[in-house]
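Heads up: the sequence shown begins at 2 in my numbering, then just goes up one per residue.
Using N, Cα and C, we set each Cβ at its ideal position, and we do this for glycine too.
These figures come from a predicted structure and were not determined experimentally.
Accompanying notes for the structure given below.
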Amino acid sequence: MKLFTKVALVSAVAISSNAMAMQAMDDAALSATTGQDGISIGIGISKIEIDKLHVFDGDGLAAKGAAGDPGFGGTGTTGAITLNNVVVGANAASLLASHNLADITIDTDGGAGSPFLNVAAEVSGLTIDLGKIEVNDATGAAGAYVAGTGSAEILSGLSLKTGKLAANIQLGNTPQGAMIKLDGAMTGGLEINDLAIKDAANGGYIVLGGIKLNDTGSTDLALDADVAVKPEGLAITALKNAAGTDIYIKQVVLGGGTGFVPKSGATAAVPGTGTGSGSIGDVAISGLKVFNGAGAANAGAVITISGH
């Protein structure tokens, strides 16, 4: 019995020592051994719902001019753009192999004395539904604005369908040339459907049944775009494809006619009647190319976004 006890004690000590030796091989050491340094993140979200999204303008539009002049009507008071019933879901026809919403890989690099953080992200295709988009009055002060009850509809809503996309983000230094680079192709192009812009003063609509964007000669849309943060604002360079871009707009309706009600969420549109209810037809643009810089030397459009 004593012999058995001694054997058990020796075995326990041996096992404990081995366990401690194994524990000493921490995550960093294991990664270095296997060549798997870095961080990988998979985001498994199948649906996102937002009831309201407000963007506040704290000082509004300054008063100027007389009635009827361009830009007249400003009071210098707080207003807001409000997006209602935002729903983001997965485009089942364009998912990542992991079926995640996004797969992210994070690495740091010494960069020959100019170190940087590299974040590579792949995102599944998405379906994005926006409800009514309106402008609101607002109260409160910076940091505590509250949307008011006064509102005016500017857009009945719309739906978008995207394909898979890849983005690479570099922080610290940017040897890739921009903070964010979009790459790859959006399979099936970009689709925007059920877009209706309202003239609140007169009650009519500009209705676009659908907009489809893809590369000339392809059904996909290249995602060759750069995003940089400059002192003057956020600069986005896009539409750089040498072959050009095709844009197809279907079922253009100007006015809507009597009784027209635009699509709202899952509720289908109610067609109008009489003058203004018919479509003027479809519009197709082929091989659109845009350039920027002196002498149009650079392909693409540069969009700069900043506050004022």
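Per DSSP, what kind of secondary structure is Ala94 in: helix, strand or coil? coil
If distances are taken between C-alpha atoms only, which option among Gly75, Asp110, Ser99 and His100 comes closest to Asp38? Asp110
Suppose contacts are defined by Cβ-Cβ distances below 7 Å. Is Glu135 in contact with Glu154 by that definition? yes
Once the 5 residues before and after Asn174 are set aside, which same chain residues still bring their CB inside 8 Å of it? Gly112, Ser115, Pro116 and Phe117
Quick check on the burial criterion: 16 or more other C-beta atoms within 10 angstroms. Buried or exposed for Leu308? Before going on, a small fix: residue 308 reads as Gly here, not Leu. Looking at its Cβ environment, which holds fewer than 16 other Cβ atoms inside 10 Å, Gly308 is exposed.
If the criterion is Cβ atoms closer than 7 Å, does the pair Phe73 and Gly66 meet it? yes
Mind checking whether Gly61 and Thr79 have CB atoms under 7 Å apart? yes
Am I right that Leu222 and Met187 are in contact with their C-beta atoms under 8 Å? What's the rounded C-beta distance? 4 Å
Rounded C-alpha distance that separates Ala243 from Ser219: 13 Å
For Ala201, I'd like the list of residues in its chain whose CB is within less than 8 Å of its CB, leaving aside the five on either flank, ordered along the chain. Ala153, Glu154 and Ile155
Neighbour-count burial assignment, Pro263, 16 or more Cβ in a 10 Å radius: buried
What is the rounded straight-line gap between the Cα of Asp28 and the Cα of Gly43? Bear in mind that the predicted position of Asp28 carries a pLDDT of just 43, short of 50, making it too unreliable to give a figure here.
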